[in-house]
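Student: The sequence shown begins at 2 in the numbering used here and counts up one residue at a time. Cβ coordinates follow ideal geometry from the N, Cα and C atoms, glycine included. Below you will find the structure I want to go over with you.
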Amino acid sequence: MLRLEGIDKNFGPVQALVDITLEVPIGKVTALAGDNGAGKSVLIKCVAGIHTPDDGQLFWENQPVRLNSPHEAAALGIETVYQDLALCDNLDIVQNLFLGRERLRHFLLDEESMEIAAGRH
Ligand SMILES: Nc1ncnc2c1ncn2[C@@H]1O[C@H](COP(=O)(O)OP(=O)(O)O)[C@@H](O)[C@H]1O
Ligand SMILES: [Mg+2]
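Here it is, written out as C-alpha cells:
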C-alpha cells in the first residue's frame, strides 16, 4: 500500500531521517517503534504531507507520489491522529472533526450536514 525508499530529511545540521526504507502492506496494522528522537514523528509527517523529504521516494499503491500538503495526503486516504490529540479547545466535536475540510452551502458553513455526518460515524 505504502512504500518508502531512501528517505532523507534534515533540519539544518540535524539529520532526522537517513536512508529510511519502510513497507506498509494492505490489511495489516504496522507499528513504528523507536527511541525518543529517533525520527518517528518526522517520518509520519513526511507520509502525511507536512514535511517534504530531502531525498528518496514515496510510493502509494506502487505509484511514485509527491505529497505537497496534508490535503494531498488525505486525498489518497492518508490521515494522521496525533499523540497529543491536537484538538482545538475552542471548537466543538463536529468542528474539530471537519477542521480544514468544512462543508459549505451557499458560502456558509453547512453545520447541519456536518452534524449528521459526524453522528453517523
Ligand atoms: N521541525 C524540526 N526542526 C528541527 N529539528 C527537528 C524538527 N522536528 C524534529 N526535529 C529533530 O529530528 C529528530 C527526530 O525527531 P522526532 O521525529 O520528533 O522523534 P520521535 O518522534 O521518534 O521521538 C530529533 O533530533 C528532533 O529534535
Ligand atoms: Mg514523536
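#1: Look at the alpha carbon of ASN29 and the alpha carbon of THR81, and state the distance between them as a whole number of angstroms.
#2: Answer yes or no: the CB of VAL43 versus the heavy atoms of ligand 1, is any distance below 7 Å?
#3: Using the rule of at least 16 other Cβ atoms within 10 Å of the residue's Cβ for burial, across every protein chain shown, is VAL15 buried or exposed?
#4: Smallest Cα separation from ASN11: which of LEU59, ASP90, HIS107 and CYS47?
#5: Of all the options LEU3, GLU113, GLY57 and ARG121, which has the alpha carbon lying nearest to the alpha carbon of GLU24?
#6: Can you give the Cα-Cα distance for GLU116 and VAL95, rounded to whole angstroms?
#7: Please find out if some non-hydrogen atom of ligand 1 comes closer than 7 Å to the beta-carbon of VAL82.
#8: Would you mind giving the Cβ-Cβ distance between LEU98 and ALA119, rounded to the nearest angstrom? I have them listed as a contact below 8 Å.
#9: Thinking C-beta only, is GLU6 closer than 8 Å to GLY57?
Tutor: So, from the data block:
#1: Here residue 29 is Lys; the residue named in the question, Asn, does not match the sequence. Going from the Cα of LYS29 to the Cα of THR81 covers about 17 Å.
#2: yes
#3: exposed
#4: CYS47
#5: LEU3
#6: 6 Å
#7: no
#8: 5 Å
#9: yes
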